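> In my numbering, the protein residues as written are 4 to 466.
We treat Cβ as the ideally placed atom computed from N, Cα and C, and that holds for glycine.
Note that this is a predicted model, so its numbers are computed, not measured.
The structure follows.
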Ligand code: ARG
């Protein structure tokens with residue numbers, strides 16, 4: 004029995020007793036790394052193709068291996084594959100299945116390669132595809148933002164600093180701020196992809212291999228930009244996965260901030276927007292409740308992605324060159340980051356274009372809180388007052404308004420002139436919300452004309 008068990012292992016040769024059952028479970032990764040199977044099979048087919056071209060395998064052997072691997076892929080796709088914990092990981096499960104399927108030739112596949120370069124290759128192939136999916140999902144969210152923004156360029160809401168009413172803005176301007184945040188997230192993902200798309204294959208265990216391999220060829224077959232330049236570095240560093248989790252943490256941080264705004268805006272106190280019922284849930288005790296669960300969950304889930312970034316940084320920080328088994332712990336944080344990011348983006352892509360604005364409530368909120376006070380100060384500056392003095396004058400006018408329970412635009416000309424004789428009847432044009440918006444008519448400003456330009460630019464970027 005024990006004899007059989009040591010024979011089972013693809014590395015069992017030098018062992019004289021079987022692996023402890025607990026250790027077997029403790030060291031195995033197949034329960035979570037099996038999702039790499041497609042990448043693993045693609046990598047193996049490229050490797051076998053190169054071995055044949057280099058004369059290390061015969062063409063016949065390569066064909067047998069390729070056919071066997073394709074059959075295994077079909078089995079796994081169909082759910083007909085028996086994953087075994089005693090075979091430790093996805094790589095050895097597939098290799099053992101290959102030998103079972105095609106016989107001794109299967110044992111030649113691992114020539115000139117190690118699981119160390121194999122796993123690094125697999126993760127990079129897998130992550131590259133996932134980054135493309137994440138980028139497409141970011142684009143879908145951006146499209147949703149633009150489609151909502153298009154109808155809201157003239158909708159006025161209060162802009163906030165310190166969550167206190169600051170200055171009136173176009174609702175679409177606020178939405179397009181979100182667009183820009185996602186735009187940078189997309190750029191970060193694309194940038195990260197460049198460093199993911201480098202081939203470790205051929206680095207073997209750590210030092211390279213004594214076989215005459217062609218690393219350029221496998222890199223090209225797998226769509227990598229180039230082979231990694233140093234074999235030790237190629238098998239050991241997971242900085243590319245850390246970088247992805249860092250970009251994801253920023254993406255989730257953005258989505259968390261936006262979620263926070265959605266939660267605030269849907270509250271009865273603000274009532275700026277409605278989320279469709281399908282994105283909300285009720286309370287089991289309070290019949291009136293409609294809770295913004297989806298944004299709250301996205302906000303909450305940002306925590307686990309930031310946590311995964313910390314896990315990976317900590318995992319990496321004390322590892323000497325080259326490969327260490329610690330690296331097996333890279334997978335679960337990375338995979339959960341991917342799942343969380345993709346789900347959150349999907350929720351956003353569906354939810355954002357379905358937001359319904361309540362322009363009346365936004366408008367009355369913007370009318371409260373002296374949001375055009377800066378406009379009055381700017382007005383006085385244009386009439387020759389220094390900005391600091393104008394600030395002081397308007398501050399006094401605001402204090403008076405608060406006392407009277409009136410907004411600046413509701414004060415009479417006589418009342419306003421008590422604070423500065425430079426104020427004339429035309430002041431009321433700039434004290435209106437629209438006047439305030441239209442005045443900010445420069446690149447990046449909130450004037451509806453500028454916001455429309457920003458939307459046009461965004462649409463051409465997305466097309
Ligand atoms: N399952 C391993 C991992 O995920 C594969 C590489 C194992 N290499 C080794 N020398 N034990 O990292």
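Run the proximity test for residue 330: is its beta-carbon closer than 7 Å to any non-hydrogen atom belonging to the ligand ARG?
yes
> Please report the Cβ distance between residue 112 and residue 57, rounded to the nearest whole angstrom; I am assuming they are in contact, meaning their Cβ atoms lie under 8 Å.
Rounded to whole angstroms, the Cβ separation of residue 112 and residue 57 is 14 Å, and the two are not in contact under 8 Å.
> By how many angstroms is the C-alpha of residue 15 removed from the C-alpha of residue 248?
36 Å
> Name, in chain order, the residues that DSSP records as bridge partners for residue 160.
172
> To the nearest angstrom, how far is it from the Cα of residue 20 to the Cα of residue 207?
27 Å
> Near residue 153, which residues of its chain fall below 7 Å by C-beta distance, leaving aside the five closest residues on each side in sequence?
Contacts found: 458.
> Count the other C-beta atoms from every protein chain shown that fall within 10 angstroms of the C-beta of residue 471, then say buried if there are 16 or more, exposed otherwise.
One cannot answer for residue 471 here, as it falls past the ends of the chain, which runs 4 to 466.
> Report the residue from 89, 91, 96, 63 whose alpha carbon sits nearest the alpha carbon of residue 76.
96
> Starting from residue 311 and walking both ways along the alpha helix (DSSP H), at which residues does that stretch end?
296 to 319
> Across which residues does DSSP place residue 229 in a beta bridge pair?
201
> Have a look at the DSSP bridge pairing and note the partners of residue 276.
360
> With hydrogens ignored, establish whether the beta-carbon of residue 118 is closer than 7 Å to any heavy atom of the ligand ARG.
yes
> Just the C-alpha distance for residue 346 and residue 418, rounded to the nearest angstrom, thanks.
56 Å
> Assign residue 198 to buried or exposed, taking buried as 16 or more other Cβ atoms, counted over all protein chains shown, within 10 Å of its Cβ.
Residue 198 should be labelled exposed.
> Do the CB positions of residue 256 and residue 305 come within less than 8 Å of each other?
yes
> To the nearest angstrom, how far is the alpha carbon of residue 343 from that of residue 323?
Approximately 31 Å between the Cα atoms of the pair.
> Near residue 279, what residues of its chain come up, given a Cβ to Cβ distance below 7 Å and the 5 sequence neighbours on each side ignored?
Excluding positions up to five away in sequence, the list reads 357.
> Can you list, in chain order, the stretches of the alpha helix (DSSP H) that have 4 or more residues and sit fully within the segment 17 to 76?
24 to 30, 33 to 36, 40 to 56
> So for residue 284, helix, strand or coil by DSSP?
strand
> In this structure, how does DSSP classify residue 291 when only helix, strand and coil are distinguished?
In this structure, residue 291 counts as coil in the three-state DSSP scheme.
> Quick check: what's the CA-CA separation for residue 39 versus residue 120?
14 Å
> Within a Cβ cutoff of 7 Å, which residues of the same chain sit near residue 187, ignoring the five residues on either side of it in sequence?
none
> For residue 53 and residue 220, what's the separation of their Cα atoms in angstroms?
7 Å
> In its own chain, which residues sit with a C-beta less than 8 Å from the C-beta of residue 59, not counting the 5 before and 5 after it?
114, 115, 214, 215, 216
> Mapping the DSSP letters down to three states, classify residue 3 as helix, strand or coil.
Nothing about residue 3 can be reported from this structure: the residues present for the chain run from 4 to 466 only.
> Can you round the beta-carbon distance between residue 237 and residue 231 to whole angstroms, since I take them to be within the 8 Å contact cut?
Between the beta-carbon of residue 237 and that of residue 231 there is about 4 Å, and that keeps the pair under the 8 Å contact cut.
> Where do the ends of the alpha helix (DSSP H) carrying residue 147 lie?
118 to 152
> Quick one: what's got a C-beta closer than 6 Å to residue 211's C-beta in the same chain, skipping five residues either side?
234
> Thinking residue 161 and residue 400 are a contact (beta carbons under 8 Å), I'd like their distance in whole angstroms, please.
The pair is not a contact, with the Cβ atoms about 19 Å apart (cut-off 8 Å).
> Between the alpha carbons of residue 141 and residue 149, how many angstroms are there, rounded?
12 Å
> Quick check on the burial criterion: 16 or more other C-beta atoms within 10 angstroms. Buried or exposed for residue 134?
buried
> Which two residues bound the contiguous alpha helix (DSSP H) that contains residue 3?
For the chain, the structure presents residues 4 to 466; residue 3 sits outside this window and is missing.
> Is residue 94 near the ligand ARG, going by C-beta to nearest heavy atom under 7 Å?
Yes - the ligand ARG has a heavy atom lying nearer than 7 Å to the Cβ of residue 94.
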